[in-house]
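Q: Pasting in a structure now, in structure tokens, and then I'll have a few things to ask.
2 protein chains.
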Amino acid sequence: MELNVRAFLERAQIYFPQNEIVSRCPDGSLFRYSYREMGSRARKIASRFESLGIRPGDKVATFAWNTHRHYELYFALPSYGAVLHTVNIRLSDEHIAYILNHSEDVCVFADSDLFPVLERIAPQLRTVRTFVALDEAVPRTSLAPVVAYEDLVRGGDEGFGFREIDEHTPAVMCYTSATTGNPKGVLYTHRAIYLHTSVLCFADGFGFRESDTFLPMVPMFHANAWGIPFAAAWMGSKMVLPGERPRAVDILDLIESERVTFAAAPVSVGIEMVNELQKKRRDLGSVRAILLGGQATPKAVMDFFQSEFGIPIYTAWGSTELAPIATFSHIKRHQLGWSAEEKIGIRVRQGMASPGVELKVLGEDGSPVPWDDRHVGEAYVRAPWGSTSYYNDPRSAEGFVDGWWKSGDMATIDQEGVLRLVDRAKDLIKSGGEWISSIELENALMAHPGVREAAVVAMPHEKWLERPVAYVARRPEAPGVGDADLIEWLSPRFAKWWLPDRFVFVDEIPKTGVGKFDKRRLRERARNPE
Amino acid sequence: MELNVRAFLERAQIYFPQNEIVSRCPDGSLFRYSYREMGSRARKIASRFESLGIRPGDKVATFAWNTHRHYELYFALPSYGAVLHTVNIRLSDEHIAYILNHSEDVCVFADSDLFPVLERIAPQLRTVRTFVALDEAVPRTSLAPVVAYEDLVRGGDEGFGFREIDEHTPAVMCYTSATTGNPKGVLYTHRAIYLHTSVLCFADGFGFRESDTFLPMVPMFHANAWGIPFAAAWMGSKMVLPGERPRAVDILDLIESERVTFAAAPVSVGIEMVNELQKKRRDLGSVRAILLGGQATPKAVMDFFQSEFGIPIYTAWGSTELAPIATFSHIKRHQLGWSAEEKIGIRVRQGMASPGVELKVLGEDGSPVPWDDRHVGEAYVRAPWGSTSYYNDPRSAEGFVDGWWKSGDMATIDQEGVLRLVDRAKDLIKSGGEWISSIELENALMAHPGVREAAVVAMPHEKWLERPVAYVARRPEAPGVGDADLIEWLSPRFAKWWLPDRFVFVDEIPKTGVGKFDKRRLRERARNPE
């Protein structure tokens, strides 16, 4: 029997038809329905794919926020045999056009408010034949032809049957941003999605379960929202989808009103949530954990949620290439009695390989680093659900070695076998022959009560080759924080030669399309100071 | 990347080397060691397989109790590429000889106390070339050639590397008893074992985790001890192995002294545990659940553990063909607030399909029965880890239909989609054109305070075709319980025509090789009363 994505939706329909899905509408109101209705609508829309010219095997783009319609497509497209291609709406027009052409998408399902982007790039699109507006009606647009999603659903067949599909058939596709050049495509098979979703449901993992109420703030166009949509349907969990342009305040209101048990967000949103909660407290009593990812979580954020709300912050590590989870934090048997503070010491690290995953950290000489938390090497991963090449891309040869994904992340391993990311290989600062970790400096800076965000990058230096420069966004209530305060704050924590040579105060740290600190941009700025 | 059994042991070795395995020795003492040592010994023994003439692909029998050496072979044989064939030591000599020949085992690893069986059947064995005594030294025996396991381990290589194996390679083999004729062989691939083990670790399943301490009383020669050995190593859980001929009293002592969190036993052992606990109470405070299986658990047993110890009894349903788990009980979101008594009402049923499993109950007309808990049909199952044929056996055609396993179990489904077994198709009693469930009568009888065990079977009847007869084992303290008491006890619970025509009082209900009530023998007795 083949491992198929359709199994997830079918289980929700059979066993949890009355469980709820809540979706935030553009006007801020909440749309509610059940898995019974969701499943019926997913089958209705699937029954219309043929009329849109979509054939099994075709790639179909979504260009959309986290909404119930996007959730329906997560199951309808793969279960029909097409490939769900979730396009990152935050990329540049140039990259979006590249992605739609490179993947050969035949159709784009897009939220109405995102039509202007598609209108701009439409003349460049070579394979897209139809657009579908994820809406009641087609918005005013220069695109053609366009159909309204709800019109399609209305004419659909809720009894539409999903076929059993060879599990090696692609089910989902994402593009990951590259350091240089165009984004790279990653295809996930039905099997990969099934196996990845399984591990999310392990008790010794995130323990996803029916009684959970999920709020994925991480976009559904970013690495499958870390797999939450698939796991939620499979377990029949309540789902809360934050819709168009959600802010930290919207998320917190939803967590409180919908009694969310498990929220997942990029670290940058986690930091915003802290700021918002400091302004206005909420009842977060329903939350059992918050998963932050995309970059290393500052310890100060973990301390805040633990001490103020008793909420553990879960961390994980992975990548688009890995669907995306490769490691997560695990409190071992002999650590169960540890204090909350000690457990944070475990959770700030990136964790152990998930069951099924193989991980190695290779030093410069190509041999595994000792488990001393000192020796640094590059992390390599392979997983039963991991990709081993990029879609139709010669850069596969650089990204994968003998079936292992070469992460570009520099890390150590401690005596418990637990990974700690030191830095992205390209973000490490090489000063006078020694390495300086930008992440450790950032975490220390963000623990300062007057600092909201901080990013540290290398600037060129004649004598030392590179020296650190810190970009710092102050809290509004601490406008007076200056270089001297921060040097004094960092001095007891680091060797003198680690301290940044310069501090640049900014309103906000620039972010990439997926919400990470945009260090490439900062490095350019450091190289060419205004 | 292939799904391989070796992943389980490797994870225990990497991340949980210090976690403990406890094994009860023949003299009652406890042997203790760690996953570090277990993994090292498993590799040492694997490094000696070639010298025993075992080649990858060969089938190798174990004939053994639940011990640490058997546990090592669970990983060493499949990871080497051979097939771990666990032979049921409780079968007749004739069936054991049949099984060893039919599977073409090349070697038998046997506990010393079980050598007499092998000596008796040795002349009939056609493919076995070597015997290994799971012991320090070779016992006195007529078998030849025989090597001592510990001698092999002493000369082994702890650095022996396991290869990556095509996941469709057979890893494990079991035989299931047939209603008539010889046992039928079932092969499990590496993939099947991996997928089945995964589902045991789901939070919404048994939730197997590192912090668990397992005591599998279910034999490791019976349907992979329901998968516990594989899951325990993968999660790195503490394992308590009860060794040679364990009695209910041994199990309870081990649960108490080793702080077991999860025990698993055949229902018949569960009943013995109740009797033993009524004689002498124990501290079972460490136990989070007990899994009983093999036949339907009487509600009285569930009530006892819940009310006396606050321990929920987990139930499941499956078969050797399914590795073995197909369904298990799940308390749904809207049932979480129910009372313990109400939750037992859910747990006495066989549950919902496990994630990944498909289940259908077909009535006599071949269409699915309505979800009304009244209409009875036969349960069919397919699972990504399920077998779809018997090994080299023409009876495959009767046991499997289009990839679905035909269970021979008659069941209903309630409004929540939850399965309830009514009876084995062959155990149902057909009286005057109506069905009587032997299981329901047995459960009611075993809830009587004076009854220890009860089994109900059909006896031929001139007018009604079949009528129920009850075999009853009284509790020692209630020797006076008679027909009239039991009729009075049953009358308010059943229609008059369901009541047994006869009660036969016995010392013990006869059991099959796997510990189930042996109804075939009772039916014969009922047909030919002494």
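Residue numbers (our numbering), protein chains in the order written: chain A, 82 to 611; chain B, 82 to 611.
All residues carry an ideal CB built from backbone N, CA and C; glycine is no exception.
Since the structure is predicted, the reported quantities are computational estimates derived from the model, not experimental observations.
#1: Quick one, are the C-beta atoms of residue 169 (chain A) and residue 594 (chain A) less than 8 Å apart?
#2: Where does residue 261 (chain A) land, buried or exposed, given buried means 16+ other C-beta within 10 angstroms?
#3: Taking just the CA atoms, how far does residue 319 (chain A) sit from residue 160 (chain B)?
#4: If distances are taken between C-alpha atoms only, which option among B:129, B:175, B:384 comes closest to residue 426 (chain B)?
#5: Between residue 432 (chain B) and the rest of its own chain, which residues show a CB-CB distance below 8 Å, the 5 nearest in sequence each way excluded?
#6: Would you report the Cα separation of residue 535 (chain B) and residue 258 (chain B), rounded to the nearest angstrom?
#7: With C-beta atoms as the reference, is residue 276 (chain B) less than 8 Å away from residue 465 (chain B)?
#8: Comparing C-alpha positions only, which one of A:441, A:505, A:344, A:270 sits nearest to residue 376 (chain A)?
#9: Run down chain A in chain order and give the residues with a C-beta less than 7 Å from the C-beta of residue 316 (chain B).
#10: Contact criterion: CB-CB distance below 8 Å. Does residue 242 (chain A) meet it with respect to chain B?
#11: Among residues of its own chain, excluding the 5 on either side of residue 471 (chain A), which ones have a beta-carbon nearer than 7 Å to its beta-carbon?
#12: Can you tell me which of A:430, A:255, A:358, A:321 puts its alpha carbon nearest to the alpha carbon of residue 340 (chain A)?
#13: According to the neighbour-count rule (16 or more other Cβ atoms, all chains shown, within 10 Å of its Cβ), is residue 94 (chain A) buried or exposed?
#14: Determine the burial state of residue 523 (chain A): buried for a count of at least 16 other Cβ atoms within 10 Å of its Cβ, exposed for fewer.
#15: Determine, using beta-carbon pairs with one atom in the segment 279-293 of chain B and one in the segment 127-135 of chain B, whether at least three such pairs fall under 8 Å.
#16: Using Cβ-Cβ distances below 9 Å, what residues of the segment 493-506 of chain A are close to chain B?
#17: For residue 584 (chain B), report the span of its beta strand (DSSP E) as first-last.
#18: Residues of chain B with CB under 7 Å from residue 464 (chain A), in chain order?
#19: Going by beta-carbon coordinates alone, are residue 402 (chain B) and residue 248 (chain B) separated by less than 8 Å?
#20: For the segment 83-112 of chain A, which residues have a beta carbon sitting closer than 7 Å to at least one beta carbon of chain B?
#21: Can you give me the start and stop residues for the beta strand (DSSP E) that residue 251 (chain B) sits inside?
#22: By Cβ distance below 8 Å, which residues in the same chain neighbour residue 487 (chain B) in space, the five residues on each side in sequence not counted?
#23: Which same chain residues end up closer than 7 Å to residue 229 (chain A) when comparing Cβ atoms and leaving out the 5 residues on each side of it in sequence?
#24: Please report the straight-line C-alpha distance between residue 296 (chain A) and residue 415 (chain A), rounded to a whole angstrom.
#25: Our contact map puts residue 140 (chain A) next to residue 166 (chain A) with C-beta atoms below 8 Å; I'd like the distance itself, whole angstroms only.
#26: For the alpha helix (DSSP H) that contains residue 329 (chain B), what are its first and last residues?
#27: What does residue 214 (chain A) pair with, by DSSP beta-bridge criteria?
#28: DSSP state of residue 398 (chain A), grouped into three classes?
#29: So, with DSSP's three-state summary, where would you put residue 512 (chain B)?
#30: Where residue 106 (chain B) and residue 338 (chain B) are concerned, what is the direct C-alpha to C-alpha distance, given to the nearest angstrom?
#31: Among A:417, A:346, A:563, whose alpha-carbon lies nearest the alpha-carbon of residue 378 (chain A)?
#32: Measuring alpha carbon to alpha carbon, tell me which of A:512, A:561, A:527 ends up nearest residue 543 (chain A).
#33: So the beta strand (DSSP E) residue 525 (chain A) belongs to, where does it begin and stop?
#34: Compile a chain-ordered list of the residues in the segment 251-262 of chain B whose CB is closer than 7 Å to at least one CB of chain A.
#35: Between the beta-carbon of residue 492 (chain A) and the beta-carbon of residue 442 (chain A), is there less than 8 Å?
#36: Just checking: is the beta-carbon of residue 291 (chain B) within a distance shorter than 8 Å of some beta-carbon in chain A?
A: To lay it out plainly:
#1: Contact flag set, yes.
#2: exposed
#3: 40 Å
#4: B:384
#5: Excluding positions up to five away in sequence, the list reads 396, 397, 398, 408, 409, 410, 411, 499, 500.
#6: 22 Å
#7: yes
#8: A:505
#9: 285
#10: no
#11: 265, 266, 267, 477, 480
#12: A:321
#13: buried
#14: buried
#15: no
#16: 497, 498, 499
#17: First-last of the beta strand (DSSP E) with residue 584 (chain B): 583-586.
#18: Chain B residues near residue 464 (chain A): 82.
#19: no
#20: 84, 88, 92, 95, 96, 100
#21: 251-257
#22: 459, 461, 479, 480, 481
#23: 214, 216, 217, 218, 219
#24: 31 Å
#25: 5 Å
#26: Counted as a single uninterrupted DSSP element, the alpha helix (DSSP H) harbouring residue 329 (chain B) occupies residues 329-339.
#27: Its beta-bridge partners are A:191, A:229.
#28: strand
#29: Three-state result, residue 512 (chain B): strand.
#30: So the two alpha carbons sit approximately 15 Å from each other.
#31: A:346
#32: A:512
#33: From DSSP, residue 525 (chain A) is part of no beta strand (DSSP E) but of the alpha helix (DSSP H) over 519-527.
#34: none
#35: Taking the C-beta atoms as reference points, residue 442 (chain A) is found nearer than 8 Å to residue 492 (chain A).
#36: yes
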